Amino acid sequence: MRAKGNESVYSEFEKLMQENRCQQAAELLREKKGTSALLRKMDYIISRMDREDEQTFLSEFPEDCSTLILLQLLFRYEGEQRKDGRTFKFTQHNLMKVHYETPEESEKCQSRLTEEKVKEVGKMIRSKLSEKLRNRLGKVYIEPSMKNYALPLAENTSQGGFGVLSKGSRIPIEEGKKLRAFTYWEKVNDIDLSVFALTEDGNRREFSWRTMSRHQSGAITYSGDVTSGYLGGSKYFDINLPEFKARYSEYRYLIFCDNVYSGKNFNECFCKAGYMLRDWDDSGQVYEPKTVKSAYLVNCEGTFAYLFGIDLFTNEFVWLNVAKNSKSRVAGDTNLSFLTDYFHLTDVMNMYDFFSMMAEKIVEDPMKADVVVTDHEVKCTEESQIIREYDFEKIRMLMEDAK
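In UniProt numbering, the protein residues as written are 1 to 403.
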């Protein structure tokens with residue numbers, strides 16, 4: 001038998017928790033196992049604390065928590081809270097895996113926080129983040145449109161190319177334009193482009209090769225199903241947003257997906273995806289280079305990729321660019337509800353908020369700024385550091401430098 005002196009740290013931790021000595025349990029875990037271990041148990045600890053202990057715990061939150069971890073925690077506690085069970089997203093070999101909490105798991109969960117406690121933790125995390133970033137950049141000019149861009153926190157499941165932005169970034173769609181989502185491929189017979197309309201609560205309608213014979217209309221038009229494109233094939237959807245919203249008014253989001261119906265992984269063939277904004281009276285050509293807003297290579301080691309979305313309420317294009325750990329050959333066989341989280345990332349934290357926290361002073365004239373944060377060219381001094389919406393490395397360095 002194991003002697004008492006050989007009890008593990010986690011055994012001691014659990015004993016203290018059972019004795020309702022939550023503050024001592026938290027201190028033990030942090031001292032013996034470090035901040036990471038404490039954060040993994042944070043919901044469990046807080047859920048057992050009374051109001052006084054909770055306030056003490058939050059006020060003594062570890063100072064060695066990195067900026068990146070604080071940002072991840074901020075999205076955890078200030079992001080959309082699901083009522084139909086939690087969703088866990090993680091990355092393995094640059095592919096995203098998703099687990100939806102089952103009813104049985106939800107029933108057994110003993111560390112669920114009340115809505116009030118979630119808000120209190122989120123408020124504390126935002127305060128700690130603000131303290132860590134304060135006055136790091138001197139005078140900063142920030143273009144108001146930077147509120148549309150999400151921080152590059154999880155781009156390891158993304159593919160690169162022209163016009164690629166961080167997940168959750170939003171781009172207003174010009175009125176009077178039709179959106180053409182397209183995919184082009186070689187070295188494989190058949191790649192499918194699909195569109196799914198989602199309601200706020202996850203109900204969906206499929207638009208794909210197997211449904212468009214019934215749904216073809218002025219609201220959404222499909223190019224047709226090419227199944228022998230080894231030497232070069234393409235498919236596209238044209239979306240008339242005003243007509244689509246009138247015809248399918250119950251839906252909030254559109255999700256665009258690519259999947260290799262032939263069964264190969266994307267990295268075993270050649271595939272590009274992107275979108276154009278075209279005039280209704282256009283040239284009639286399938287591909288008009290001057291109208292292309294983004295075109296990127298889909299080259300993940302899987303058969304399924306989420307491309308981008310549209311928020312039908314705000315008329316904005318939303319970046320997804322997620323390579324899914326999946327061998328699915330048909331888009332309609334997968335659950336899409338977790339993707340709606342990306343439509344709300346900029347509500348929690350965006351590039352404007354992030355650089356505002358770091359500014360010693362925000363200036364309205366870029367000529368007076370040490371740092372200029374913008375999504376278009378502006379006149380500034382040669383000494384100014386310019387940060388654009390696609391400068392992922394510069395932004396990540398600022399996150400990592402702010403230990």
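Every residue, glycine too, gets a C-beta built ideally from N, C-alpha and C. Just so you know, these numbers come straight off a predicted model, no measurement behind them.
Excluding sequence positions up to five away, which residues of its chain have a Cβ less than 6 Å from the Cβ of residue i?
i: Ala273; result: Thr183, Asp258, Val298, Leu307
i: Asn315; result: Ile173
i: Ala359; result: Leu137, Val140
i: Tyr352; result: Ile142, Met146, Lys147
i: Glu400; result: none
i: Ile386; result: Val372
Note down, in chain order, each residue of its chain lying with its Cβ closer than 7 Å to the Cβ of residue i, except the 5 sequence neighbours on either side.
i: Ala26; result: Leu38, Ile45, Phe57
i: Asp53; result: Cys22, Gln23
i: Phe354; result: Leu151
i: Ala154; result: Lys167
i: residue 458; result: No answer is possible for residue 458: the residues shown for the chain start at 1 and end at 403.
i: Lys89; result: Met96, Val98, Phe338
Restricting to Cα atoms, I'd like to know which of the options is closest to residue i.
i: Trp209; options: Gly202, Ala197, Leu193, Asp201; result: Leu193
i: Gln72; options: Thr211, Met49, Cys269, Leu151; result: Leu151
i: Arg136; options: Asp375, Asp391, Glu383, Lys361; result: Lys361
i: Ile220; options: Tyr230, Lys368, Ala197, Ser228; result: Ala197
i: Thr199; options: Gly309, Glu400, Thr87, Lys33; result: Gly309
i: Asp238; options: Tyr222, Arg134, Met357, Val286; result: Tyr222
i: Glu393; options: Ser166, Glu186, Ser262, Val226; result: Ser166
i: Glu301; options: Thr334, Trp319, Gly233, Asn265; result: Asn265
i: residue 440; options: Gly224, Met276, Tyr352; result: Residue 440 lies beyond the residue range present for the chain, which begins at 1 and ends at 403; the question has no answer from this structure.
i: Asn20; options: Arg48, Asp43, Lys119, Thr35; result: Arg48
i: Arg247; options: Ile255, Arg205, Glu288, Ser130; result: Arg205
i: Asp311; options: Ser234, Tyr251, Arg396, Tyr77; result: Tyr251
i: Ser59; options: Asp391, Tyr253, Val121; result: Val121
i: Met276; options: Thr87, Phe207, Tyr236; result: Tyr236
i: residue 404; options: Met124, Ser234, Asp201; result: Within the shown structure, residues of the chain are numbered from 1 to 403, placing residue 404 beyond reach of any answer.
i: Thr211; options: Met349, Lys117, Val195; result: Val195
i: Phe270; options: Tyr230, Glu131, Met17; result: Tyr230
i: Asp201; options: Tyr253, Ala181, Gly176; result: Tyr253
i: Lys128; options: Phe61, Asp190, Ile191; result: Phe61
i: Ser66; options: Ile125, Ile191, Leu345; result: Ile125
i: Gln216; options: Thr227, Glu116, Gly232, Phe244; result: Phe244
i: residue 404; options: Asp190, Ser130, Asp281; result: Residue 404 lies beyond the stretch modelled for the chain, which goes from 1 to 403, so this question has no answer here.
For residue i, which of helix, strand or coil comes out of DSSP?
i: Pro366; result: helix
i: Ile173; result: coil
i: Gly263; result: coil
i: Lys97; result: strand
i: Asn321; result: strand
i: Ala359; result: coil
i: Thr291; result: helix
i: Asp225; result: coil
i: Ala246; result: helix
i: Lys178; result: strand
i: Ser234; result: strand
i: Arg396; result: helix
i: residue 406; result: Outside the displayed span of the chain (1 to 403) sits residue 406, for which this structure offers no information.
i: Glu120; result: helix
i: Cys271; result: strand
i: Ser217; result: coil
i: Ala150; result: coil
i: Phe313; result: coil
i: Leu129; result: helix
i: Arg204; result: strand
i: Leu137; result: coil
i: Glu107; result: helix
i: Tyr342; result: helix
i: Leu165; result: coil
i: Thr183; result: strand
i: Met1; result: Any answer about Met1 is weak, because its pLDDT of 44 lies below 50 and its placement is not dependable; what the coordinates show is given next. Coil.
i: Cys300; result: coil
i: Met17; result: helix
i: Glu7; result: coil
i: Tyr44; result: helix
With distances taken between CB atoms, is the gap from residue i to residue j smaller than 7 Å?
i: Lys290; j: Phe304; result: no
i: Asp370; j: Glu389; result: no
i: Glu240; j: Gly218; result: Going by the sequence as given, residue 240 is Asn instead of Glu. Taking 7 Å as the Cβ cut-off, Asn240 and Gly218 qualify as a contacting pair.
i: Phe338; j: Val98; result: yes
i: Val188; j: Ser106; result: no
i: Leu95; j: Asp43; result: no
i: residue 406; j: Leu133; result: With the chain covering only 1 through 403, there is no way to say anything about residue 406.
i: Val348; j: Gly79; result: yes
i: Val372; j: Cys380; result: yes
i: Arg278; j: Lys178; result: yes
i: Glu288; j: Gly232; result: no
Once you ignore the five residues that flank residue i on each side, which residues in its own chain have a CB closer than 8 Å to its CB?
i: Glu364; result: Tyr141
i: Val9; result: Leu28, Leu29, Lys32, Lys33
Does the CB of residue i have a neighbour CB from chain D at under 7 Å?
i: Leu398; result: Looking for chain D here will not work: only one protein chain is present.
What are the start and end residues of each continuous beta strand (DSSP E) run of 3 or more residues lying completely inside the segment 50–94, in chain order? 87–92
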